[in-house]
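Residues in the sequence shown are numbered from 1 upward in steps of one, following UniProt numbering. Note sheet for the following structure.
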Amino acid sequence: MWSTPFAVSPWRLRLMALAGLLVATFVWLGAPSSAQAAASCTASVSSVNLGSTLSPLTAGTVDATANLNFSCTGLGSLLSYSLCPNLDAGSGGSNGAGQRYMTGPGGATVAFQVYQDAARTQPWGSSALLVFGTVPTITASPGTGTTINVNQTVYLRLTTTTTTVPGAYSTSFVGQNFFWGLNLLTCAGVTIGYAVVPATFTFSATLIPDCTISTGNLNFGNVGVLSAAKDAQTGMSVTCTKDTPYAIGLDNGQQGTSATARRMKAAGQYVTYGIYKDEARASPWGTGAGLTTGGSGTGGAQPLTLYGRVPAQTTPSPGTYGDQVIATVTY
1 MWSTPFAVSP
11 WRLRLMALAG
21 LLVATFVWLG
31 APSSAQAAAS
41 CTASVSSVNL
51 GSTLSPLTAG
61 TVDATANLNF
71 SCTGLGSLLS
81 YSLCPNLDAG
91 SGGSNGAGQR
101 YMTGPGGATV
111 AFQVYQDAAR
121 TQPWGSSALL
131 VFGTVPTITA
141 SPGTGTTINV
151 NQTVYLRLTT
161 TTTTVPGAYS
171 TSFVGQNFFW
181 GLNLLTCAGV
191 TIGYAVVPAT
201 FTFSATLIPD
211 CTISTGNLNF
221 GNVGVLSAAK
231 DAQTGMSVTC
241 TKDTPYAIGL
251 DNGQQGTSAT
261 ARRMKAAGQY
271 VTYGIYKDEA
281 RASPWGTGAG
291 LTTGGSGTGG
301 AQPLTLYGRV
311 PAQTTPSPGT
321 YGDQVIATVT
331 Y
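Rendered as structure tokens:
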């Protein structure tokens, strides 16, 4: 009759001992949580304009830097804390393979990337979106105090091509989760912890319309008596940013009076000539309404031809006659 109570009592003792162990374990794990929860942390990333007068024809690669600040007060002293600042694609989106973009007029995009290193070889990653690579692990200790303040350089790169459409481009990062905690040896795969969300930050750039022009010399060669028309031609190349309308005008030269009455000079004497837009020499090329020629830029070189003609005229004294004509591209 007395055996049953004795059999139960040791089991109860074991349960009580186990319960005490669980309570002790819970208190040990909960202590850091209470200390960290008492901390006050902020994070921010500076917005950056990479340029407001960038030409797609010459910009190529444009580099800049931003600053990431992480600050905490009320921390436990002599402890090491880690920050895992995740960055997603941004509002400019990505190509699904880790290339971020800025977006511009009509949904046009330009390649953009955020990097961890000055050499710009290691993209800034996200633990939740592994396609962007690894997340940098930023570690700091308050020492004997209770405050940490960390500044980290963020490296930016914009990559334009000659076919990039001019306009204002940007990408914004909204609601980024910067996880932090005690002794996170690496941020790889970390999506838990204490989250601090920086205010929205934006990276932007403005690409401007641009054109370049080059032309060869119009050489009529050696001519004797000017009893018949003498023709010559030369090439011109114009390169304008994509979808940029342009018009090219030619002035009247140094002593001419119109597109068909330009004059080459030598020792106070002249040879009259004209420049035309067509091989038949029916459409004079000058300035003003109807005299210019134009098109829309592609980002690549577009060839044009200047057709010159020295009409029959009274032959001046022998000599080397010349003129200078200025070509102007308006866009």
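Don't be surprised by glycine CBs; every beta carbon is placed ideally from N, CA and C. Please read these numbers as outputs of a predicted model, since none were measured by experiment.
Whose CA, out of the options, lies closest to the CA of residue i?
i, options, result
"A259", "A266, K265 and D251", "D251"
"residue 408", "G60, F179 and I148", "Nothing about residue 408 can be read from this structure; the chain reaches only from 1 to 331."
"V325", "M236, E279 and A280", "M236"
"Q302", "P245, E279 and A282", "P245"
"V204", "S80, V114 and G308", "The residue you asked about is not Val; residue 204 is Ser in the sequence shown. Selected option, being the one with the closest Cα: V114."
"C84", "A261, S44 and T139", "T139"
"A38", "Y270, C72, P56 and T65", "C72"
"T215", "S172, G175, L129 and T305", "T305"
"F112", "S126, A128, G92 and L129", "G92"
"A266", "L185, A312 and Y321", "Y321"
"A64", "S141, G256, A119 and T58", "A119"
"L275", "S170, T144, P311 and G300", "According to the sequence as given, residue 275 is Ile; it is not Leu. Among S170, T144, P311 and G300, the Cα nearest to that of I275 is on P311."
"W285", "S40, D243, G299 and V329", "V329"
"T186", "T314, V62 and S80", "S80"
"L291", "G299, K277, G300 and L218", "K277"
"S40", "T146, A247, D243 and Q255", "T146"
"I248", "A289, A282, V225 and I208", "A289"
"T314", "Q152, V110 and Y273", "Y273"
Quick one: grab the DSSP three-state call for residue i.
i, result
"L306", "strand"
"F132", "helix"
"P123", "strand"
"P105", "helix"
"A7", "Confidence in A7 is poor, its pLDDT being 32 and thus under 50, which makes the residue's placement unreliable; the coordinate value appears in the next sentence. Helix, per DSSP."
"Y85", "The question names Tyr, but residue 85 in the sequence shown is Pro. Note: P85 maps to strand in three-state DSSP."
"D117", "coil"
"V45", "strand"
"V165", "coil"
"G181", "strand"
"T330", "strand"
"N95", "coil"
"Q152", "strand"
"C72", "strand"
"L78", "coil"
"V197", "coil"
"S40", "strand"
"L50", "coil"
"A59", "coil"
"I138", "strand"
"V110", "strand"
"A64", "strand"
"T186", "coil"
Leaving out five residues before and five after residue i in sequence, what residues of the same chain have Cβ atoms less than 8 Å from its Cβ?
i, result
"V131", "S94, G96, A97 and G98"
Excluding the 5 residues preceding and the 5 following residue i in the sequence, name in chain order all residues of the same chain whose CB lies nearer than 6 Å to its CB.
i, result
"Q116", "Q122, W124 and P136"
"A195", "N177 and F179"
"F70", "A43, L83 and V150"
"A59", "T160"
"G253", "R262, D323 and V325"
"residue 336", "Residue 336 lies beyond the stretch modelled for the chain, which goes from 1 to 331, so this question has no answer here."
"S172", "S91, T200 and T202"
Would you say residue i faces chain D, with C-beta separation under 7 Å as the test?
i, result
"S141", "This model lacks chain D altogether, as it is built from one protein chain only."
Between which residues of its own chain and residue i is the CB-CB distance below 7 Å, once the five residues before and five after are set aside?
i, result
"P316", "Q269, Y270 and V271"
"P198", "A43, S44, V45, Q176 and F178"
"P105", "V165 and G167"
"L57", "T162, D210, T212, T239 and T241"
"P32", "Note that P32 scores a pLDDT of 40, beneath 50, so its modelled location is shaky and nothing firm can be said."
"G300", "T162 and T239"
Could you say if the segment 51-67 and the segment 144-161 meet the contact criterion of at least three C-beta pairs nearer than 8 Å?
yes
Hey, is the segment 184-197 in contact with the segment 96-113, meaning 3+ C-beta pairs nearer than 8 Å?
Counting Cβ pairs under 8 Å, fewer than three are found: no touch.
What are the start and end residues of each continuous beta strand (DSSP E) run of 3 or more residues lying completely inside the UniProt domain "Spore coat protein U/FanG" (199-328), in chain order?
201-207, 211-215, 230-240, 245-250, 262-266, 269-276, 293-296 and 301-310
Contact between the segment 222-234 and the segment 286-295 is defined here as three or more beta-carbon pairs at a separation below 8 Å; is this criterion met?
no
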